[in-house]
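Q:
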Amino acid sequence: MSAFRKISQSIGNIFQKTIEFISGGAKRIFTPTDDDYPKTGVQPYEGDPATNKD
2 MSAFRKISQS IGNIFQKTIE FISGGAKRIF TPTDDDYPKT GVQPYEGDPA TNKD
């Protein structure tokens, strides 16, 4: 009976770690960003146009 209990606990631990791994990824995807970048807005392109080389 002890071997069965160890196997069932092991399976339960594997299942729990798998759920934690997946839910951690989902949490990271769906939480608001924590980036601290400055608000710069749209930046115009000020470069030279490409030359046509045939």
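For the sequence shown, the working numbering assigns the number 2 to the initial residue and increments by one for each residue that follows.
Just so you know, even glycine gets a beta-carbon here, dropped at the ideal spot from N, CA and C.
Reducing DSSP to helix, strand and coil, say where GLN44 ends up.
A: Note: GLN44 maps to coil in three-state DSSP.
Q: Measuring straight from C-alpha to C-alpha, what distance separates PRO9 and ILE20?
A: The question names Pro, yet the displayed sequence has Ser at residue 9. Their Cα atoms are separated by approximately 17 Å.
Q: Taking the C-alpha atoms as reference points, what is the distance between ILE45 and ASP36?
A: Looking at the sequence provided, one finds Pro at residue 45 rather than Ile. Rounded to whole angstroms, PRO45 to ASP36 spans 23 Å at the Cα level.
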